[in-house]
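Protein chains in written order, with the working numbering: chain A, 40 to 324; chain B, 18 to 305; chain C, 389 to 643. Here is the structure we will look at, set down as structure tokens.
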Amino acid sequence: MSDKLYKILLLAAALIMPIVCGGVVYALVTDAYDAFEHFGFFKFLTSSEWSYTEGAEQYGALPFITGTLMTTLLALLFCIPFSLPVALFVGEYFKGTKVASVLSTVTDLLAGIPSIIYGLWGFYTLRPLIMALDISPQGSGVLTASLVLAIMIVPYAASLSSEFIKMVPNDLKEGAYSLGATRAEVIRRVVFPVAGSGIFSSYVLAIGRALGETMTVTMLIGNTNNIPDSITSTGNSMASIIANQFGEADDLRLSSLIAIGLILFLITAFINMIGKIMIKRARIA
Amino acid sequence: MDKLKIRNRLAKDKALLWAVCLLAALTAVPLFAILGEVFLRGYDQLSWSFFTESTPTAYKAMKAIEAGEPIPGGIANGIVGTLLMLGMAAVVAIPVGILCGAFLAENSKNRFAQTVSYLTDLLQGTPSVIIGIVVYIWVVVPMKGYSAIAGSVALFIMMLPLIIRSTEETLKILPASLKEAGLALGGNRARVMLKVQLPAAFGGIFTGVLLAISRVIGETAPLMFTALGCSFIRFAVDKPISAVPLLIWEFFNDPNLQELIWGASLFLLLFVLTLNLLSKYLAKKWNQ
Amino acid sequence: MEPVTPILEFNKTCVSYTKQTMAVKYVSAAIDRNSITAIMGPSGCGKSTLLRAVNLMHSLYPNIRVDGEILLNGENILSMEPIDVRRRVGMVFQRPAPFPTMSIYDNVLSGYALNGIRLSKTEKDETVERCLKSVALWDEVKDVLNKKGTFLSGGQQQRLCIARALAMKPDILLMDEPTSALDPIATAHIEELMKELQKDVTILIVTHNMGQAMRISSKSMFMYLGELVEYGDTAMMFSNPSDERTKAYLTGKMG
Chain A
40 MSDKLYKILL LAAALIMPIV CGGVVYALVT DAYDAFEHFG FFKFLTSSEW SYTEGAEQYG
100 ALPFITGTLM TTLLALLFCI PFSLPVALFV GEYFKGTKVA SVLSTVTDLL AGIPSIIYGL
160 WGFYTLRPLI MALDISPQGS GVLTASLVLA IMIVPYAASL SSEFIKMVPN DLKEGAYSLG
220 ATRAEVIRRV VFPVAGSGIF SSYVLAIGRA LGETMTVTML IGNTNNIPDS ITSTGNSMAS
280 IIANQFGEAD DLRLSSLIAI GLILFLITAF INMIGKIMIK RARIA
Chain B
18 MDKLKIRNRL AKDKALLWAV CLLAALTAVP LFAILGEVFL RGYDQLSWSF FTESTPTAYK
78 AMKAIEAGEP IPGGIANGIV GTLLMLGMAA VVAIPVGILC GAFLAENSKN RFAQTVSYLT
138 DLLQGTPSVI IGIVVYIWVV VPMKGYSAIA GSVALFIMML PLIIRSTEET LKILPASLKE
198 AGLALGGNRA RVMLKVQLPA AFGGIFTGVL LAISRVIGET APLMFTALGC SFIRFAVDKP
258 ISAVPLLIWE FFNDPNLQEL IWGASLFLLL FVLTLNLLSK YLAKKWNQ
Chain C
389 MEPVTPILEF NKTCVSYTKQ TMAVKYVSAA IDRNSITAIM GPSGCGKSTL LRAVNLMHSL
449 YPNIRVDGEI LLNGENILSM EPIDVRRRVG MVFQRPAPFP TMSIYDNVLS GYALNGIRLS
509 KTEKDETVER CLKSVALWDE VKDVLNKKGT FLSGGQQQRL CIARALAMKP DILLMDEPTS
569 ALDPIATAHI EELMKELQKD VTILIVTHNM GQAMRISSKS MFMYLGELVE YGDTAMMFSN
629 PSDERTKAYL TGKMG
């Protein structure tokens, strides 16, 4: 094979990315166009109406945007108290030991469990528990979905932040110890400030994961098309309304669902881009 | 006073250590809870016929439940569908992904490559349900129907960025001397890549492919809008087809079939986790 | 002359990384107050290991064992709380490593922040000025105290690290090849500085640079393969070493 042919071959393979990504955007935009044109872009974003009575169809994305933001932020909140200790355990306290590698294998496996199985577990184990504890009568809802979502994003947040915690130079830590600091003080005053931007960016990427998580949320959020008025009430996320109704929808409703997909795509793309840029900066520093 | 203060700080230090250990250990609980539940509820459903027979109809299942018998049938249609779609997706995704990864590794500074690299991140971060929508628009609508082809296109798109990244990263960490030595011996770029670099990177690429497969094998949402599902074993690529995660979703929604959930989940879970552990093990072994 | 307790005394000090091998073997020596003592020897001789033992750095790594006694003002530090000992024993490392997230001002005060000791604003200002003056950095940085310490040159960074250690008013200052990462001019600065500091603090310095030992120290130790081969007056040792191994090292016949 000549060098020229080889270069062309590689270039051709690389061209697939712009084609696929361009195709994704093109397909979403053209098929969402109907909904935006019919309701108006901002009206669609801010309307909380979702009714498919023929002739008086009204579709708005607000309940699902709210549902997505609520589940994501709650999941983040529940995730931090576990992912941060895991990151410290693996990246600082037991760095390079057997127990650390066992724990990171465990979190890797958690990351590998398919989301539909998380959904099942949430439905059959966590939901009855929530009902038994009298937290909410129907068991499913924003809270239930967020709890399972939190477990799902712990591995992502933990493994990335432990990477940054590991990179804190030993020189700095020894410097702090030599001044009489305890390990807790070194972690608070040296490790966290130095690894901070990296840790933060790993949570941004974890948010990116949680935003688009579909099956778990669909199985646990309760699937009602209203704006959740509390964390225990039911609702729908952008991904779950799509999963629920895409198969049966046509015309304007289909276009509305695709419009929600486009919004979801843009939000996750934006969050992921910010996360990636921050990670790159943190790695260079 | 000073002594007291020191004792206080040491107590705080110890408290943090214990809190970290406790919370880290708690994180492992869901894994074992999930494994335990799926295993305990699913292991007695696994039998030979579970893997060789197709899903029963809701009517048959209802009859069996009424008669107090175990539900007949299994998930063979799902296994066949999963393997077929995965196979079709992998056959395209592996070569294309490797070539694209090689492109990125060889041209890391050129602007086009940086764009491609950015788009790879973009695609990797795109929620799978959106891939489902897009493939529905691309393939299902023009073909006027759900099909195995549509499902495998969705899997292909999800596998692609994973394979590209692992290829690129593995090639980039190969010592530059390897490539230089190859070129110095008179090989052209293509031959050096084919005979020197790719073989040296084989381990990393292989584990990347395994990981990519384990990531997409459990995907449900994108298949719902593309492959749809089918209650019998089928090899036609232009017709709707089933997959193991689709079956789990079906069982979840059909009260008559609910008993089958756990066997199917156990199978999927074991498959995915084995692939995961295997890739981790191989990565470690080949790194040495 | 009446006998005084030496500020620091090694008594059969041993350090081992594994069960079989000892990095430091039965070192016994007493260090004079307000002096500069140099520890020399070929690389791998255990000189850094011995120095780090004084700051109980080894207790950070679970598999390292320190045996024997190390007496600070007559008290065995091996049975004391590390965080207590380290406050009284300052340490300066090979590579200057000011805390990158802290300003120059905060870097000087980092020991207090790390130990959770609160100071008033005037105490802080006073400490920062005193310490930066004593490392001859004050004039260079007094207008940029709120900038990050990492913007300084290598030599300035190292002086900042010395100031950071001095801020805790240590009894003794350990320096682990503090100039090996610096250029000759910065090295000369630091050496000059050490001679000044000697009035207030006892300095124990590890160096692989014989010239440096000769220029600054009053007493020197020569270590070889973990053993303390010779300990005495620097001038004496350089002119008339009593041990063959010392002689070989000083005349450049040994690594």
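Ideal Cβ placement from N, Cα and C applies to all residues, glycine included.
As DSSP reads the structure, N464 (chain C) sits in a beta bridge with C:L459.
Contacts with chain C at 7 angstroms (Cβ-Cβ) include E224 (chain A). For E615 (chain C), the enclosing beta strand (DSSP E) starts and ends at E615 to D621. Distance check between E96 (chain A) and each of A:G106, A:F83, A:T105 and A:I104 places A:F83 closest, using alpha-carbon atoms only. Secondary structure of V403 (chain C) (DSSP, three-state): strand. For S404 (chain C), same chain residues with a beta-carbon under 6 angstroms away, outside a window of 5 residues either side, are M410 and R453 in chain order. Taking 7 angstroms as the Cβ-Cβ cut-off, the segment 147-170 of chain A has no residue approaching chain C. Fewer than three Cβ pairs drawn from the segment 274-283 of chain B and the segment 186-195 of chain B lie within less than 8 angstroms of each other, which leaves the two stretches out of contact. G478 (chain C) has C:L561 as its beta-bridge partners, per DSSP. Listed along chain A are N311, M312 and K315, each with a C-beta nearer than 9 angstroms to that of D138 (chain B).
Around I471 (chain C), the beta-carbon contacts reaching into chain A at under 8 angstroms are G219, A220 and T221. Between the segment 523-532 of chain C and the segment 441-452 of chain C, the count of C-beta pairs closer than 8 angstroms stays below three; the two stretches do not touch.
Here the segment 220-230 of chain A does not lie against the segment 56-73 of chain A, with fewer than 3 beta-carbon pairs under 8 angstroms apart. Against chain B, the beta carbon of I297 (chain A) has neighbours under 7 angstroms at I150, listed in chain order. Around the C-beta of P572 (chain C), fewer than 16 other C-beta atoms lie within 10 Å, and the residue is accordingly described as exposed. Within the segment 142-172 of chain B, the residues whose Cβ lies closer than 7 angstroms to any Cβ of chain A are, in chain order, G142, T143, P144, S145, V146, I147, I150, V151, I154 and W155.
L502 (chain C) places its beta carbon less than 7 angstroms from that of A220 (chain A).
Within 7 angstroms of the CB of L290 (chain B), the CB atoms of chain A belong to L148 and G151, in sequence order along the chain.
When rounded, the separation of the alpha-carbon atoms in M109 (chain A) and V55 (chain B) is 29 angstroms. Pairwise C-beta distances place the segment 594-614 of chain C in contact with the segment 419-432 of chain C, as three or more of them are shorter than 8 angstroms.
Bounds of the alpha helix (DSSP H) holding V442 (chain C) are K435 to V442. Shown here, M490 (chain C) sits in coil according to DSSP, grouped into three states, outside any helix or strand. Flagged as an interface residue toward chain B: A53 (chain A), by a C-beta distance shorter than 7 angstroms.
Taken in chain order, the complete beta strand (DSSP E) segments of 3 or more residues contained in the segment 535-599 of chain C are 560-564 and 590-594. The beta-carbon distance between A234 (chain A) and F285 (chain A), rounded to whole angstroms, is 41 angstroms. This is too long to meet the 8 angstroms contact definition. Following the DSSP letters along the chain, one finds A106 (chain B) inside the alpha helix (DSSP H) bounded by residues A93 to E123.
One Cα belongs to A555 (chain C), the other to G478 (chain C), and the distance between them is close to 9 angstroms. Taking each of A:L188, A:Y98 and A:R222 in turn and checking the Cα distance to A32 (chain B), the smallest one comes out for A:R222. C38 (chain B) has its alpha-carbon roughly 33 angstroms from the corresponding atom of R552 (chain C).
When rounded, the separation of the alpha-carbon atoms in K212 (chain A) and S296 (chain B) is 34 angstroms.
The segment 242-260 of chain B makes no contact with the segment 194-204 of chain B: fewer than 3 CB pairs, one atom from each, lie closer than 8 angstroms. Contact between V480 (chain C) and D420 (chain C) is ruled out by a C-beta separation of about 20 angstroms, above the 8 angstroms threshold. Taking 9 angstroms as the Cβ-Cβ cut-off, the segment 248-269 of chain A approaches chain B at R248, L250, G251, E252, T253, M254, T257 and M258, given in chain order. Contact annotation for L448 (chain C) against chain A: K212, E213, Y216 and R222 [CB-CB distance below 9 angstroms, chain order]. Judged by DSSP secondary structure, M609 (chain C) falls within the beta strand (DSSP E) whose first and last residues are K607 to Y612.
Contact of I190 (chain B) with chain C is not assigned, every C-beta pair being separated by 7 angstroms or more.
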